[in-house]
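As structure tokens, the structure follows; a few thoughts come after it.
Number of protein chains: 4
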Amino acid sequence: MPLSTRICHTRLRVRYAETDASGITHHSAYVPWLEAGRVEWLREAGLSYRDLERQGYNLPVVELHLRYVAATRFDDALIVRSALSDLRSRGLRFSYEVVTDEPHPRQVANGMSRHVCLLGGRIAPLPAAIRRLAEGGEKREGA
Amino acid sequence: MPLSTRICHTRLRVRYAETDASGITHHSAYVPWLEAGRVEWLREAGLSYRDLERQGYNLPVVELHLRYVAATRFDDALIVRSALSDLRSRGLRFSYEVVTDEPHPRQVANGMSRHVCLLGGRIAPLPAAIRRLAEGGEKREGA
Amino acid sequence: MPLSTRICHTRLRVRYAETDASGITHHSAYVPWLEAGRVEWLREAGLSYRDLERQGYNLPVVELHLRYVAATRFDDALIVRSALSDLRSRGLRFSYEVVTDEPHPRQVANGMSRHVCLLGGRIAPLPAAIRRLAEGGEKREGA
Amino acid sequence: MPLSTRICHTRLRVRYAETDASGITHHSAYVPWLEAGRVEWLREAGLSYRDLERQGYNLPVVELHLRYVAATRFDDALIVRSALSDLRSRGLRFSYEVVTDEPHPRQVANGMSRHVCLLGGRIAPLPAAIRRLAEGGEKREGA
Chain A
1 MPLSTRICHT
11 RLRVRYAETD
21 ASGITHHSAY
31 VPWLEAGRVE
41 WLREAGLSYR
51 DLERQGYNLP
61 VVELHLRYVA
71 ATRFDDALIV
81 RSALSDLRSR
91 GLRFSYEVVT
101 DEPHPRQVAN
111 GMSRHVCLLG
121 GRIAPLPAAI
131 RRLAEGGEKR
141 EGA
Chain B
144 MPLSTRICHT
154 RLRVRYAETD
164 ASGITHHSAY
174 VPWLEAGRVE
184 WLREAGLSYR
194 DLERQGYNLP
204 VVELHLRYVA
214 ATRFDDALIV
224 RSALSDLRSR
234 GLRFSYEVVT
244 DEPHPRQVAN
254 GMSRHVCLLG
264 GRIAPLPAAI
274 RRLAEGGEKR
284 EGA
Chain C
287 MPLSTRICHT
297 RLRVRYAETD
307 ASGITHHSAY
317 VPWLEAGRVE
327 WLREAGLSYR
337 DLERQGYNLP
347 VVELHLRYVA
357 ATRFDDALIV
367 RSALSDLRSR
377 GLRFSYEVVT
387 DEPHPRQVAN
397 GMSRHVCLLG
407 GRIAPLPAAI
417 RRLAEGGEKR
427 EGA
Chain D
430 MPLSTRICHT
440 RLRVRYAETD
450 ASGITHHSAY
460 VPWLEAGRVE
470 WLREAGLSYR
480 DLERQGYNLP
490 VVELHLRYVA
500 ATRFDDALIV
510 RSALSDLRSR
520 GLRFSYEVVT
530 DEPHPRQVAN
540 GMSRHVCLLG
550 GRIAPLPAAI
560 RRLAEGGEKR
570 EGA
């Protein structure tokens, strides 16, 4: 996670609906968790994904990579640790760790998602508010 | 299912992702199955839900009722039997049976969904193509 | 919600994965929310659903009823208000309201789920810890 | 897809529940599709994943990689093309292409999943029935 040292922590509990017949969390359940993680990351950076969409922007996932390190189970308390790990003119990448919500967290999964920027459905430069994140260490207030 | 005697049969297999840690199909998985059932019902009636949406229509679910009669499991072959069971000027209702895909089908669930008709986001009369379904027994061709 | 006046409040945010192409939250997304609500309700009553399962119990959903009162959207902050609304020897029912997480909450959905009690896969009396909830107003400590 | 030239074709239609507020199929929806693809692949090889589980085996996903090449939408008819692409003593890998179900299919996504073999919850050699797939080009009957 070279670009940004800021890591957003999103807490969640494994829902019963997210488990499968082998008794553990289904691997597909992690995908919306990462999404919740990057939405919170953006919010903490002062950016609302909902507002970006209202302005006509979308950041669809073009690549997804997940490694499942240890099984998780129903009702486990977990934390998604999200960080911006690459920022290009027309796209970005987030990196993630999913860890147990314990005094000594264990990593249970890690991954990344790569996104392109669409404006009105066409590839476009990222909005200035996002490009600024790379300059000056994500300073949001004048500072 | 009084209104329409036509029943649409939609075949599916329980996906592993649709099971839960108790070893059976999670109750939430049936909800998209019913949806797939009514989409097929409409298609067989000559109506594409995708086209309806392009014309500005939506048929959001305003009520959902499901009874789970018998557990189903990963890889079970099932059939959703869907029928239009009520048709009003600004809404409709579908009824469903989920049965095993066997020579002697057993019912595993049944339910209904009630929908209102929206046009451009506002409650509106159902499109003529749907209203016609109630008249003359869904005759699509001159007959 | 006659039986129990205790209401458990479970906070959540609508995930992007829970929306659909009509721009609102898909109706199936509410089903796991209700589940998260009753799991929290049990936890607040001193009962871990995970522990119940370890003891061989299951409380599968045998009936589900949902009314969708108002559309919700991505990133909406919501509260599931859950309460035990019926308790029989071999089953129980939860009732739910989903409201906006605002100073003046608006109801967006309501519903109920009915459950039977299984022990080792067979219908059985509810565990004593749950039956006690109906006696003496859910007093957990000696009081 | 070097190991096995056999490709299993699994047909599906994008469910409305699988779309999101940006109007396209949500990226998480593809994950259960790949799973359905490999389950069918195994079935065509004479192996029932359900039976493997009954024998105590599991093939949990330890790595998942997806590239989203083109957006898909509600009601799109798609085919998952699945193939076994690596086979080790204690694990295997499947590779996938998702293409449109058209006379001239277009690729909309591709990916891979890597699995370890568990027997009774512990890493174990793959069952003989799977190991045989690598020998003699998956010949199932004496031939």
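Protein chains in written order, with our numbering: chain A, 1 to 143; chain B, 144 to 286; chain C, 287 to 429; chain D, 430 to 572. Ideal placement from N, C-alpha and C gives every residue a C-beta, glycine not left out. Since this is a predicted model, take the numbers as computed values, not measurements.
Simplified DSSP state of residue i, which is helix, strand or coil
i        : result
D:Asp449 : coil
A:Arg38  : helix
C:Arg374 : coil
Residues bridged to residue i [DSSP beta-bridge criterion]
i        : result
A:Arg13  : A:Ala77
B:Ala252 : B:Tyr211, B:Val241
A:Ala83  : A:Ser95
C:Arg336 : Paired residues: none, contrary to the question.
C:Cys482 : Residue 482 of chain C lies beyond the residue range present for chain C, which begins at 287 and ends at 429; the question has no answer from this structure.
D:Arg551 : D:Leu548
C:Val347 : C:His401
C-beta atoms of residue i and residue j nearer than 7 Å
i        : j        : result
D:Leu493 : D:Ser524 : no
B:Arg107 : D:Ala465 : No information on residue 107 of chain B is available, as it lies outside the stretch 144 to 286 that chain B covers here.
A:Gly23  : B:Ala214 : no
C:Asn396 : C:Arg353 : yes
C:Tyr335 : C:Pro413 : no
B:Leu221 : B:Asp244 : yes
B:Val251 : B:Val205 : no
B:Ala226 : B:Ile150 : yes
C:Ala303 : D:His533 : no
C:Ser314 : B:Ser171 : yes
Residue-level contact to chain B via CB, residue i, 7 Å cutoff
i        : result
D:Ala446 : yes
C:Asn396 : no
C:Arg326 : Checking the sequence, you will find Glu at residue 326 of chain C rather than Arg. Not closer than 7 Å to any Cβ of chain B, the Cβ of C:Glu326 fails to qualify, so no.
D:Glu492 : no
D:Ala465 : yes
C:Ser375 : no
A:His26  : yes
D:Gly485 : no
Same chain, Cβ closer than 7 Å to residue i, five either side skipped, listed in chain order
i        : result
B:Trp176 : Leu155, Val223, Val241
A:Asp75  : Arg13, Val14
D:Leu548 : Gly485, Tyr486
A:Gly91  : Arg114, His115, Val116, Cys117
A:Pro60  : His115, Val116, Leu118
C:Arg418 : none
Residue i at chain D interface by Cβ criterion, 7 Å
i        : result
A:Tyr96  : no
B:Arg193 : yes
B:Asp229 : no
Minimum Cβ-Cβ distance from residue i to chain A less than 7 Å
i        : result
D:Pro658 : The question about residue 658 of chain D has no answer, for chain D in this structure spans 430 to 572.
D:Ser451 : yes
C:Asp387 : no
D:His544 : no
C:Pro318 : yes
Sequence-distant residues of the same chain with beta carbon closer than 6 Å to residue i, five excluded per side
i        : result
C:Ser375 : Pro411
C:Ala420 : Leu373
B:Glu183 : Cys151, Thr153
C:Thr305 : Thr311, Phe360
C:Arg324 : Ser368, Phe380
Test: residue i CB closer than 7 Å to a CB of chain C
i        : result
B:Glu187 : no
Cut-off 8 Å between Cβ atoms - residues of its own chain near residue i, not counting five sequence neighbours on either side
i        : result
B:Tyr173 : Leu209, Tyr211, Val241, Ala252, Gly254
B:Glu187 : Arg149, Cys151
What residues from the segment 487 to 511 of chain D come within 7 Å of chain E, judged by C-beta to C-beta, listed N to C?
Included in the structure are the protein chains A, B, C and D, with no chain E among them.
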